[in-house]
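Here's the structure, in structure tokens; my notes come after.
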Amino acid sequence: MRFVDEYRDAEAAKRFAEQTRRMATRRWRIMEVCGGQTHTLIRYGIDEMLRECIDPIHGPGCPVCVTPLEKMDRAMAIAAKPGVLFTTFGDMMRVPGSETDLLQLKANGADVRMVYSPTDALKLAEKFPEREVVFFAVGFETTAPANAMSVWLAQKKNIRNFSILVSHVLVPPAISAVLGDPDCQVQGFIAPGHVCTVMGYEEYEELADRYRVPFVVAGFEPLDLLEGISMLVELLESGKAEVRNQYARSVKREGNLVARQILKDVFEVSDMNWRGIGCIPGSGLRLRPEYSAYDAEKKFHVERIQASESELCIAGPVLQGKKKPRECPAFGTVCTPEHPLGAPMVSNEGACAAYYSFRRFEEEVPHAS
Amino acid sequence: MISRDILFEAKIVRIDHESIPVCGWVESNGVQLAVDLSFLSNLAEGTRVLVCGRTALSTVEETHEICR
């Protein structure tokens, strides 16, 4: 057993698909929230397997894709400053800002380094006390606890040459914004399994109750999604607006209480601008005032940097599930992974990157609803 | 390039109870990695965990019915 192979068994996949087809009396519009789930759906052809039963609408669950352009420009401004050692996860290196990206800055001599953890960045700050080390803290609730831990540790150890550039977003307010849109056609949700590993799924019970739509918390392997979709179709067919947990091997209703506590200790909820979507109230995190010394935007005075998006890129409608990537006139021509116009084409969790990798040579087949 | 969302499952092979925060080493597919275990409790060697970057975010149940 190799930890994931068991969740990619083809025979089990066929059984789940057949089970779902038997249950479905119509084609349901469902949104898988997380970009990692989008990639699994497209890569393994699950949307094709179940095309009679579901019309998947890809959600905004790609934290790289929704990082606002002005945050990228602020990152570039900080990284370009002399004496700064700028650190980030690898997936942010090629996300385009208004003029350039971090990888290009690195090529031009800026000290930009890829790390696997914010605590790796903190170790660099201890190792190089004469440098200002910054970590680009981007992500949903999944990566926030480790970032909170790095700031908490920095304060405990009195490390002053460390800060984080925060761009954390929260899933439930984004789902609320999707459901509150009068054009919303989503009838049920596949909730993000790794976010719920940290936060639990109590908030989704409130959403289900308020908007009368069902949620199933699902994992990321093909069998996870197939089982999750089967559970969701069962709820939809029976008219139940409830929450189910398919990813029970990792997710508890209350989530990880230790991780949630450190989030509360270090961060507070704030309004957040989502790239391509706009401001969603209460959908972000910022450092609490007692940790403001570790806020890179304040330390380097870049809060006033603003930006405006490319007119050609339709990342916004794609992230909101209103358009598919292949409906973009720039898809695969002007916009490719090598020369992206927007983040969804760069990120491993971006819908545009998923379609480019696995579907760009296929013709769109119209399907009667 | 690390993908923040590709959390992976691994098995704890060693725990350093003296470190702050509590750290350990996990193994997945023959590769060992040092991770932060401070978000988890009641740990033991051999426990399966879900890892994000270098942080273990949850323990993982041993078996799952869908795979049988």
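In the order they appear, the protein sequences are chains L and B.
The first sequence begins at 68 in the numbering used here and counts up one residue at a time.
The second sequence begins at -1 in the numbering used here and counts up one residue at a time.
For each residue, glycine too, the CB sits at the ideal point set by N, CA and C.
| Could you give the residue range of the alpha helix (DSSP H) that holds D362 (chain L)? | Taking the first residue of the first sequence as position 1, residue 362 (chain L) is located at position 295. Here D362 (chain L) belongs to no alpha helix (DSSP H), and DSSP marks it neither H nor E.
| task | Determine the direct distance from the alpha carbon of S317 (chain L) to that of M452 (chain L), and round the result to whole angstroms. | result | Because chain L here runs from 68 to 436, residue 452 (chain L) falls outside it and cannot be looked at.
| field | Nearest neighbour of F428 (chain L), chosen from L:F398, L:P411 and L:H406 [CA to CA] | value | Walking along the first sequence from the start, residue 428 (chain L) turns up at place 361. For F428 (chain L), the nearest C-alpha among the options comes from L:F398.
| Should I10 (chain B) and E43 (chain B) be called a contact, given that it needs their Cβ atoms to be closer than 8 Å? | As a position in the second sequence, residue 10 (chain B) is number 12, starting the count at 1. As a position in the second sequence, residue 43 (chain B) is number 45, starting the count at 1. Yes.
| message | Looking at chain L, is there any beta carbon in it that lies within less than 8 Å of the beta carbon of T68 (chain B)? | response | Any answer about residue 68 (chain B) is impossible in this case: the structure gives chain B only from -1 up to 66.
| query | Ordered along the chain, which non-local residues of its own chain (more than five positions away) have a Cβ less than 6 Å from that of K190 (chain L)? | reply | Here residue 190 (chain L) is taken as the residue at index 123 of the first sequence, counted from 1. The answer is none, since no qualifying residue turns up.
| Under 8 Å between C-beta atoms of A326 (chain L) and D34 (chain B) | Looking up residue 326 (chain L) in the first sequence gives position 259. Looking up residue 34 (chain B) in the second sequence gives position 36. No, Cβ-Cβ distance for A326 (chain L) and D34 (chain B) is not below 8 Å.
| said: Rounded to whole angstroms, what is the Cα-Cα separation between T264 (chain L) and V24 (chain B)? | reply: For the purposes of this step, residue 264 (chain L) is identified with residue 197 of the first sequence, where counting begins at 1. For the purposes of this step, residue 24 (chain B) is identified with residue 26 of the second sequence, where counting begins at 1. When rounded, the distance between both Cα atoms is 19 Å.
| task | Return helix, strand or coil for I97 (chain L), following the three-state DSSP convention. | result | On the first sequence, position 30 is the one that residue 97 (chain L) refers to. The answer is strand: DSSP assigns I97 (chain L) an E or B state.
| task | With H106 (chain L) as the anchor, note down where its alpha helix (DSSP H) starts and where it stops. | result | Position 39 of the first sequence, counting from 1, holds the residue named residue 106 (chain L). That run of the alpha helix (DSSP H) goes G102 to R110.
| said: Tell me the rounded alpha-carbon separation between M139 (chain L) and E78 (chain L). | reply: Counting from 1 along the first sequence, the entry for residue 139 (chain L) is found at position 72. Counting from 1 along the first sequence, the entry for residue 78 (chain L) is found at position 11. Using only the alpha carbons, I get a separation of about 44 Å.
| message | On the CB-based measure, 16 or more other CB atoms within 10 Å of its CB, does D362 (chain L) come out buried or exposed? | response | As a working mapping, residue 362 (chain L) is identified with position 295 in the first sequence. Looking at its Cβ environment, which holds 16 or more other Cβ atoms inside 10 Å, D362 (chain L) is buried.
| request: Compare the C-alpha of V182 (chain L) against each of L:P289, L:T155, L:R94 and L:L170 and name the closest. | output: Start at 1 with the first residue of the first sequence, and residue 182 (chain L) comes out as number 115. V182 (chain L) has its Cα closest to that of L:T155, out of L:P289, L:T155, L:R94 and L:L170.
| message | Please list, in chain order, the chain L residues whose beta carbon lies closer than 8 Å to that of S17 (chain B). | response | Sequence index remark: in the second sequence, residue 17 (chain B) carries index 19 (1-based). The contacting residues do not exist; S17 (chain B) stays about 11 Å from chain L at best.
| query | When DSSP labels each residue in this structure, what does G295 (chain L) get in the three-state scheme? | reply | Within the first sequence, the letter at position 228 stands for residue 295 (chain L). The answer is helix: DSSP assigns G295 (chain L) an H, G or I state.
| request: Taking only the alpha-carbon atoms, compute the straight-line gap between E166 (chain L) and C402 (chain L) and give it to the nearest angstrom. | output: Residue 166 (chain L) sits at position 99 when you count from the first residue of the first sequence. Residue 402 (chain L) sits at position 335 when you count from the first residue of the first sequence. Whole-angstrom Cα-Cα distance: 16 Å.
| field | Outcome for A174 (chain L) when other beta-carbon atoms lying within 10 angstroms are tallied against a minimum of 16 | value | Translated into positions along the first sequence, residue 174 (chain L) becomes position 107. With fewer than 16 Cβ atoms within 10 Å of its Cβ, A174 (chain L) is classed as exposed.
| field | Length at least 4, wholly inside the stretch 102 to 166 of chain L: the alpha helix (DSSP H) runs in chain order | value | 102 to 110, 113 to 116, 130 to 133 and 136 to 146
| query | Counting contacts by CB-CB distance shorter than 8 Å, is G51 (chain B) in contact with chain L? | reply | Looking up residue 51 (chain B) in the second sequence gives position 53. Closer than 8 Å to some Cβ of chain L, the Cβ of G51 (chain B) qualifies, so yes.
| message | For a contact defined as C-beta to C-beta under 8 Å, what are the partners of D34 (chain B) on chain L? | response | Sequence index remark: in the second sequence, residue 34 (chain B) carries index 36 (1-based). Ordered by position in chain L, the residues that pass the 8 Å Cβ test against D34 (chain B) are S184, T186, A213 and M216.
| said: Given a cut-off of 8 Å on the beta-carbon distance, is the pair L303 (chain L) and Q254 (chain L) in contact? | reply: As a working note, residue 303 (chain L) is residue 236 in the first sequence. As a working note, residue 254 (chain L) is residue 187 in the first sequence. In contact: L303 (chain L) and Q254 (chain L) (Cβ atoms closer than 8 Å).
| Hey, would you say L172 (chain L) sits closer than 8 Å to M143 (chain L), going by beta carbons? | For this step, residue 172 (chain L) is matched to residue 105 along the first sequence. For this step, residue 143 (chain L) is matched to residue 76 along the first sequence. Cβ distance < 8 Å, so L172 (chain L) and M143 (chain L) count as in contact.
| Top-ranked residue by Cα proximity to V245 (chain L), from L:L152, L:C132, L:G176 and L:V280 | Here residue 245 (chain L) refers to the residue found at position 178 of the first sequence. Comparing Cα-Cα distances from V245 (chain L) to each of L:L152, L:C132, L:G176 and L:V280, the minimum goes to L:V280.
| With a Cβ-Cβ cutoff of 8 Å, do F202 (chain L) and I226 (chain L) count as a contact? | Taking the first sequence and counting its residues from 1, the one referred to as residue 202 (chain L) is at position 135. Taking the first sequence and counting its residues from 1, the one referred to as residue 226 (chain L) is at position 159. Contact: no.
| field | Pairwise C-alpha distance: L299 (chain L) and P384 (chain L) | value | The residue you call residue 384 (chain L) lines up with position 317 of the first sequence. The residue you call residue 299 (chain L) lines up with position 232 of the first sequence. Cα to Cα, P384 (chain L) sits roughly 24 Å from L299 (chain L).
| request: Using a Cβ-Cβ cut-off of 8 Å, state whether A192 (chain L) counts as contacting chain B. | output: On the first sequence, residue 192 (chain L) is found 125 positions in, with the first residue counted as 1. With 8 Å as the cut-off, A192 (chain L) does not count as an interface residue toward chain B.
| query | If you count every other CB in all the chains shown that lies within 10 Å of the CB of S305 (chain L), and 16 or more means buried, which is it? | reply | Locating residue 305 (chain L) in the first sequence gives position 238, counting from the first residue. With fewer than 16 Cβ atoms within 10 Å of its Cβ, S305 (chain L) is classed as exposed.
| query | Roughly how many whole angstroms lie between the Cα atoms of I257 (chain L) and R82 (chain L)? | reply | Taking the first residue of the first sequence as 1, we reach residue 257 (chain L) at position 190. Taking the first residue of the first sequence as 1, we reach residue 82 (chain L) at position 15. Roughly 20 Å separates the two Cα atoms.
| field | Alpha carbon of R69 (chain L) to alpha carbon of P149 (chain L), nearest angstrom | value | Translated into positions along the first sequence, residue 69 (chain L) becomes position 2. Translated into positions along the first sequence, residue 149 (chain L) becomes position 82. Because R69 (chain L) sits at a pLDDT of 45, beneath the cut-off of 50, its placement in the model cannot be relied upon, and the following sentence gives the value as read from the coordinates. Cα to Cα, R69 (chain L) sits roughly 46 Å from P149 (chain L).
| said: What does the alpha-carbon distance come out to for the pair K331 (chain L) and F367 (chain L)? | reply: Locating residue 331 (chain L) in the first sequence gives position 264, where the first residue counts as 1. Locating residue 367 (chain L) in the first sequence gives position 300, where the first residue counts as 1. Each residue's alpha carbon lies about 25 Å from the other.
| Would the stretch 112 to 119 of chain L and the stretch 131 to 138 of chain L be scored as touching if the rule is three or more Cβ pairs under 8 Å? | no
| query | Looking at C-alpha atoms only, which residue of L:R161, L:N228 and L:N340 is the closest neighbour of V236 (chain L)? | reply | As a working note, residue 236 (chain L) is residue 169 in the first sequence. The residue with the shortest Cα to Cα distance from V236 (chain L) is L:N340.
| In terms of residue numbering, what span does the beta strand (DSSP E) encompassing H235 (chain L) cover? | Here residue 235 (chain L) refers to the residue found at position 168 when the first sequence is read from its first residue. That run of the beta strand (DSSP E) goes F229 to V236.
| task | Apply the 10 Å Cβ neighbour rule to G206 (chain L) and answer buried if 16 or more other Cβ atoms are within range, or exposed otherwise. | result | Along the first sequence, read from residue 1 onward, the residue named residue 206 (chain L) stands at position 139. Flag for G206 (chain L) reads buried.
| query | If you check the beta carbons only, do T186 (chain L) and S217 (chain L) fall under 8 Å apart? | reply | The sequence position of residue 186 (chain L) within the first sequence is 119, counting from 1. The sequence position of residue 217 (chain L) within the first sequence is 150, counting from 1. Yes.
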